[in-house]
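In this note's numbering, the protein residues as written are 9 to 397. Just so it is clear, CB atoms sit at the ideal spot from N, CA and C, and this is done for glycine as well. For reference, the structure discussed in these notes is given below.
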């Protein structure tokens with residue numbers, strides 16, 4: 009979900025008509041809950057994934073205590089129901105956490121039939137996108153470290169909660185992580201790269217890819233993860249880093265989140281740092297170290313650099329691989345793959361994919377994973393020759 013912050017686009021007459029359905033649904037939901045009329049005004053568009061509509065509304069009339077403003081998110085009636093069910097379960101689970109460890113907005117009300125979520129308003133803040141684009145070295149360094157720390161704090165707070173989340177997911181009709189079974193259709197990725205780029209995958213890399221796929225269903229470090237934790241879904245406000253959009257939420261190995269953040273942030277950098285590979289590498293390390301500072305107490309093995317680096321590299325290889333296969337397979341136009349287009353990981357820019365492989369190669373070399381690093385550099389070279397020359 010793309011969020012406009014601190015302000016969005018105020019809704020004019022046409023916009024108000026366009027958002028009348030979600031607003032009226034939210035008013036009816038809150039009125040039924042309160043037993044007295046609730047009226048929402050001053051509608052402001054905040055963005056959305058394309059499948060969803062997200063607006064802010066002021067509570068101008070209410071029969072019970074409500075925040076002064078709320079955020080309403082609705083999923084279109086023609087869209088698959090699973091993302092809404094998963095997001096609803098995720099928000100219900102997040103509501104059980106303390107305010108200090110809750111990763112984002114609080115769920116105020118919901119209606120599965122009309123696919124409406126009414127959320128607390130996180131208020132004035134800055135999007136991580138704008139911070140990265142600004143090109144301020146000090147601010148970017150501070151924000152990236154806070155990002156990693158917030159991920160770790162969320163993971164540490166949710167360890168052991170998988171059974172509770174499972175109950176909420178089943179109540180909403182969620183049958184399991186079918187979205188990832190679809191999006192992880194990379195079982196034939198070796199042939200995709202071999203045929204498209206004439207690149208053979210070494211056994212060690214194939215084994216690491218298999219281990220990366222297993223992180224969704226297995227893994228020693230399972231916690232709640234929003235999954236799509238790229239810059240597009242992060243807001244910085246007075247309370248710190250806030251994670252938005254739980255359409256991909258669930259329990260998986262937490263390394264997937266920190267690796268996703270590392271993979272997705274560089275393409276949004278603005279100014280000179282965007283071209284400085286050493287600076288980007290330092291930011292990657294700072295983000296992972298900040299994450300580790302929060303989770304090391306519950307997962308002591310991650311205190312060892314070798315174990316940490318191998319785990320993060322495994323997840324990182326999977327994300328880079330997925331983004332590459334999606335781009336190579338773009339011509340298929342399958343509805344399943346189209347779901348990936350709302351994720352920050354997805355890109356149609358070959359330069360982004362090449363940069364990810366080169367960055368992965370450098371990180372693997374720093375971690376002493378030479379075979380992975382050599383393979384990543386080889387793929388980057390082939391992609392560069394095929395796409396950029």
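query                                                                                                                        : result
Exposure of residue 393, with buried meaning 16 or more beta-carbon neighbours within 10 Å                                   : exposed
Counted within 10 angstroms of its Cβ, other Cβ atoms place residue 314 as buried (16 or more) or exposed                    : exposed
Runs of alpha helix (DSSP H) lying entirely within the stretch 218-277, each at least 4 residues, in chain order             : 263-272
N- and C-terminal bounds of the alpha helix (DSSP H) containing residue 305                                                  : That residue, residue 305, is in no alpha helix (DSSP H); it is neither H nor E in DSSP.
Beta bridge counterpart(s) of residue 49 as assigned by DSSP                                                                 : 66
The stretch 155-173 contacting the stretch 297-314, beta-carbon criterion three pairs below 8 angstroms                      : yes
Inter-stretch contact (C-beta, 8 angstroms, three-pair minimum) for the stretch 325-336 and the stretch 225-238              : no
Stretch-stretch touch, CB-based, cutoff 8 angstroms, three pairs: the stretch 243-263 with the stretch 109-121               : yes
Contact set for residue 92: own chain, Cβ-Cβ below 6 angstroms, skip 5 residues either direction                             : 83, 123
Member of 307, 148, 139, 128 whose CA lies at the smallest distance from the CA of residue 168                               : 307
Unbroken beta strand (DSSP E) run spanning residue 42, endpoints                                                             : It is not in any beta strand (DSSP E) - residue 42 instead sits in the alpha helix (DSSP H) that spans 28-42.
Run of the beta strand (DSSP E) containing residue 117, from where it starts to where it stops                               : 115-119
Residue 323, buried or exposed, once every other Cβ within 10 Å from all chains shown has been counted against 16            : buried
Whole-angstrom distance between residue 208 and residue 327, CA atom to CA atom                                              : 19 angstroms
Three-way DSSP call (helix, strand, coil) for residue 82 in this model                                                       : strand
Terminal residues of the beta strand (DSSP E) in which residue 127 lies                                                      : 124-128
Exposure label - residue 356; buried when at least 16 CB within 10 Å                                                         : exposed
Own chain partners of residue 178 with C-beta closer than 6 angstroms, once the 5 adjacent residues on each side are dropped : none
Spatially closest choice to residue 240 from 360, 165, 276, by CA coordinates                                                : 276
Cβ neighbour criterion (16 or more within 10 Å) applied to residue 220                                                       : buried
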